[in-house]
Amino acid sequence: MAETAVVADDPPEEFAVKDCALVAIATGRKALTAQELRDHLLAVEVSSVYHHFWGGLLHAHFEEREFNNDFAAWVKHGLHDAILAERLAMLDPTDYPDLEELRRELVDLIDARLDETESLHWTRASQQFELTRSQIVIFDTGNRLREARELVDLIPNLSASSIFYHFIDARRRLAEHGNDFSLWLLRFGDEYADLRVELDGVDPYFGNLSELRDQLTAMMHRHLAETAP
Amino acid sequence: MSMLDEYAKVAGRDVIEHLRQLAEPLRGMKLVHVNSTRLGGGVAEILDKLVPLTRELGLDAHWETISGEGEFFDCTKAMHNALQGNRVDIPPHLLAAYETTNRANAEQLRATLEEADFVFIHDPQPAPLYALCPNRRGKWVWRCHIDASHPHRPVWRYLRNWVKDYDASVFSLPAFAQSLPHPQYIVSPSIDPLSEKNMALGDDEVASVYERFELDPSRPLVLQVSRFDRFKDPIGVIQAYKLAKKFVPALQLVLAGGGATDDPEGEAVLSEVRAAAEQDSDIHILLLPSDAHRTINALQRAAPIVLQKSLREGFGLTVTEAMWKGKAVIGGDVGGIRLQVINHHTGFLVNTPEGAALRIRYLLHQPDKLAEMGEKARGFVRDNFLITRHLREYLTLMVALLHDAADRIELG
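In the order they appear, the protein sequences are chains C and Z. Count the first sequence with our numbering and you get residues 11 to 239, in order. Count the second sequence with our numbering and you get residues -17 to 394, in order.
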């Protein structure tokens, strides 16, 4: 897969509200051991790495996510290696310039753990890990914002998939700014600097998208409601 | 009122708006679904609603069926069983009937299929149509609804020759996917919330099953709806009931399944189930006709707890149906049940009759928890397993195929 071009962080004049849909594709790669996962990770399409870090957020889940990616969850609950699971769970995709680097780090962490513990070489998981990738289709809703205060009405009515696009997928697209809202607010200079800081500080991995929408809604109310029309 | 408006009432207005926007680049395109029957079976049930919904979204959607005689269906039945792991070869004369029948159907359908922008071929029956329509102009997708995770290899190799050249295939779970030289999409099955099996029923209709089947409405009831098949573990369900009944003496059990069948295995299992019930008047074994959808619907709504204690399962749409009716489900820790039953949230996954008995006791002693889990279960199905999600994923993969299966497709 061609890596997504990271766009220059020029704030747009209008905020274009977009939405997206994901569809999953089997890669045919299945792992029962840490070594098999490592070997598949080296060869699988890099979009599979994206899917197993981010794709889960588009599916409903009930409890706070124990891990921020599917690899860590499988290592913990399938392979029962808590140490490797914890190390994998602390990977933050935004620390890496692209998904290839993130893939490399995943493989390095598994290699290091295989060097540490012989039993992991032959431990078979209770469930196989099926590597999946996804395609994302992004479409323009036609909705445009010109004033920051319009976010107060917009956010609570955004679909979960639109939240995913503007807040989660943006982390992959944008060079410096973690989400489309913060980038757009830059065009207003320092006027909304506090809101931008708060938006950039959101850790989106551990809740679900509805909770994230509620969190953003509350944030917009705190910062913008008194200026709303 | 349009069908889309009807579905908006249960799935949400935003879901329908999402579909409209996703369908926009496909507007006016010709889509043809092909399967082997217009009546009966899960595929026909889905297409019956999917096709008119797709038309309302502006696509020129059609549904064609192929016809065949005895030997053709003997062959496709054997193929179906072989894909599910039955290690029986198909004799050459049946394969010859399969190919002859497809050639005859291709004569009838060729013009329609060759001019279509998208063709979805469902299951093995019409699979050769791709090769028999050489002047195709659109994208062709083979949709496999069968659990093909452990196919009988000689039969799969034969079928693979017919499907390998399609532009894409679709399987229900990643575990079902096979080695093919094209993208293999994963689209979970779905239920139709407005069908007789799942539509809302009045309280009187739900309550009527108590009298009809001599159940006591004042006493707790657990239900399993499934064929009398060893993989559905009806004997394990009876064992779980007996273990739980020591602690909940008022407990009643309903095992509801298909009627008498010419399947000798089914008859044998049914005999074992009757023997295991040992004249216990609180075990109700119901043999229902295949079209008893409203009765099943009412039973699922009447029972506070639904079991699906399968030992092996494809997806388990009976789990989805029960969850849609706001029921916590105690399900076997296998196959697609794992995707639906989330421990402590929408029900419990179990591995033994003892595990099922424990969870029956727990839920009957925690009515608030039971209600909370049922509510979550319904929401989970609304978000993940309704026909509207199924349609969204079909539209997404069609848009993706138009863009040569690129990983990111930005429209407009």
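Idealized CB from N, CA, C, for every residue including glycine. Everything numeric in this text was worked out from a predicted model, so none of it was measured.
Could you name the residues of chain C that residue i contacts, counting a contact when the two beta carbons are closer than 7 angstroms?
i: Pro156 (chain Z); result: Ala36, Glu140 and Thr142
i: Arg374 (chain Z); result: Ala31
i: Gly394 (chain Z); result: Phe149 and Asp150
i: Phe153 (chain Z); result: Ala36
i: Ala159 (chain Z); result: Ala36 and Gly38
i: Asp(-4) (chain Z); result: Ser169
Please confirm whether residue i has its beta-carbon closer than 8 angstroms to some beta-carbon of chain C.
i: Pro163 (chain Z); result: no
i: Thr243 (chain Z); result: Caution is warranted here: a pLDDT of 44 is assigned to Thr243 (chain Z), below 50, making its placement in the model unreliable, and the coordinate value is therefore given only provisionally. Judged by the 8 angstroms Cβ criterion, Thr243 (chain Z) is not in contact with chain C.
i: Thr300 (chain Z); result: no
i: Thr378 (chain Z); result: yes
i: Phe330 (chain Z); result: no
i: Val323 (chain Z); result: no
i: Gln3 (chain Z); result: yes
i: Tyr344 (chain Z); result: no
i: Val381 (chain Z); result: yes
Can you pull the chain C neighbours of residue i, defined as C-beta to C-beta under 8 angstroms?
i: Gly314 (chain Z); result: Chain C residues near Gly314 (chain Z): none, gap ~14 angstroms exceeds 8 angstroms.
Of all the CB atoms in chain Z, is at least one closer than 8 angstroms to the CB of residue i?
i: Val85 (chain C); result: no
i: Thr14 (chain C); result: With a pLDDT of 46 at Thr14 (chain C), under the threshold of 50, the modelled position of this residue cannot be trusted, and the question is left open.
i: Ile146 (chain C); result: yes
Listing by chain order, which chain Z residues have their CB less than 8 angstroms from the CB of residue i?
i: Asp80 (chain C); result: Going along chain Z, no residue has its Cβ under 8 angstroms from Asp80 (chain C), so there is no contact; the nearest lies around 12 angstroms.
i: Ser57 (chain C); result: Asp389
i: Ser171 (chain C); result: His0
Between residue i and residue j, is the Cβ-Cβ spacing less than 8 angstroms?
i: Gly10 (chain Z); j: Asp(-13) (chain Z); result: no
i: Ser18 (chain Z); j: Pro108 (chain Z); result: yes
i: Ser177 (chain Z); j: Gln166 (chain Z); result: no
i: Ile217 (chain Z); j: Ala250 (chain Z); result: no
i: Ala232 (chain Z); j: Ile342 (chain Z); result: no
i: Cys115 (chain Z); j: Ala86 (chain Z); result: no
i: Asp186 (chain Z); j: Asn180 (chain Z); result: no
i: Lys307 (chain Z); j: His327 (chain Z); result: no
i: His395 (chain Z); j: Val16 (chain Z); result: This structure leaves residue 395 (chain Z) out entirely; chain Z is present only between -17 and 394.
i: Leu76 (chain Z); j: Asp56 (chain Z); result: yes
i: Gly337 (chain Z); j: Met355 (chain Z); result: no
i: Lys12 (chain Z); j: Asp99 (chain Z); result: yes
i: Thr277 (chain Z); j: Val207 (chain Z); result: no
i: Leu205 (chain Z); j: Leu281 (chain Z); result: yes
i: Ile(-2) (chain Z); j: Ala(-10) (chain Z); result: yes
i: Phe216 (chain C); j: Leu68 (chain C); result: no
i: Gly67 (chain Z); j: His132 (chain Z); result: yes
i: Asp150 (chain C); j: Leu8 (chain Z); result: no
i: Gly136 (chain C); j: Asp29 (chain C); result: The amino acid at residue 136 (chain C) is misidentified as Gly; the sequence shows Ser. In this structure, Asp29 (chain C) does not lie closer than 8 angstroms to Ser136 (chain C) by Cβ.
i: Ala44 (chain C); j: Leu124 (chain C); result: yes
i: Tyr60 (chain C); j: Leu119 (chain C); result: no
Can you tell me which residues form a DSSP beta bridge with residue i?
i: Trp122 (chain Z); result: Z:Val101
i: Leu141 (chain C); result: C:Arg39
i: Ser151 (chain Z); result: Z:Trp124 and Z:Gln166
i: Arg156 (chain C); result: Its beta-bridge partners do not exist; DSSP assigns none.
i: Gly211 (chain C); result: According to DSSP, Gly211 (chain C) bridges with nothing at all.
i: Ile28 (chain Z); result: BP columns for Ile28 (chain Z) are empty, so no partner.
i: Lys(-9) (chain Z); result: None, per the DSSP bridge assignment.
i: Thr47 (chain Z); result: Z:Asn17
i: Asn325 (chain Z); result: Z:Gly329
i: Glu392 (chain Z); result: C:Ile148
i: Asp190 (chain C); result: DSSP lists no partner for Asp190 (chain C).
i: Asp29 (chain C); result: C:Phe149
i: Gly313 (chain Z); result: Z:Gln290 and Z:Leu331
Would the C-beta of residue i count as close to the ligand GTP, meaning under 7 angstroms from any of its heavy atoms?
i: Glu55 (chain C); result: Inclusion of the ligand GTP in the displayed structure is not the case, the ligand content being empty and no account of it being possible.
Please list, in chain order, the chain C residues whose beta carbon lies closer than 9 angstroms to that of residue i.
i: Gln166 (chain Z); result: Ile35, Ala36, Thr37 and Gly38
Is it true that the stretch 59 to 68 of chain C meets the stretch 200 to 211 of chain C, where meeting means three or more beta-carbon pairs spaced less than 8 angstroms apart? No, they do not touch.
Hey, is the stretch 133 to 147 of chain C in contact with the stretch 42 to 55 of chain C, meaning 3+ C-beta pairs nearer than 8 angstroms? Segments in contact, yes.
Would you call the stretch 102 to 116 of chain C in contact with the stretch 335 to 349 of chain Z, where contact means no fewer than 3 C-beta pairs closer than 8 angstroms? Judged by Cβ distances under 8 angstroms, the stretch 102 to 116 of chain C makes no contact with the stretch 335 to 349 of chain Z, as fewer than three pairs qualify.
Could you say if the stretch 283 to 292 of chain Z and the stretch 311 to 320 of chain Z meet the contact criterion of at least three C-beta pairs nearer than 8 angstroms? Counting Cβ pairs under 8 angstroms, three or more are found: they touch.
May I ask you to verify whether the stretch 73 to 91 of chain C touches the stretch 188 to 199 of chain C, counting CB pairs closer than 8 angstroms and requiring at least 3? Too few Cβ pairs lie closer than 8 angstroms, so no.
At a cut of 8 angstroms, does the stretch 30 to 37 of chain C reach the stretch 153 to 170 of chain Z through at least three beta carbon pairs? With a cut-off of 8 angstroms, the stretch 153 to 170 of chain Z and the stretch 30 to 37 of chain C count as touching, because enough Cβ pairs lie within range.
When you compare the stretch 168 to 182 of chain C with the stretch 217 to 236 of chain C, are there three or more beta-carbon pairs, one atom per stretch, that lie closer than 8 angstroms? Touching, yes, given that three or more Cβ pairs across the two stretches are closer than 8 angstroms.
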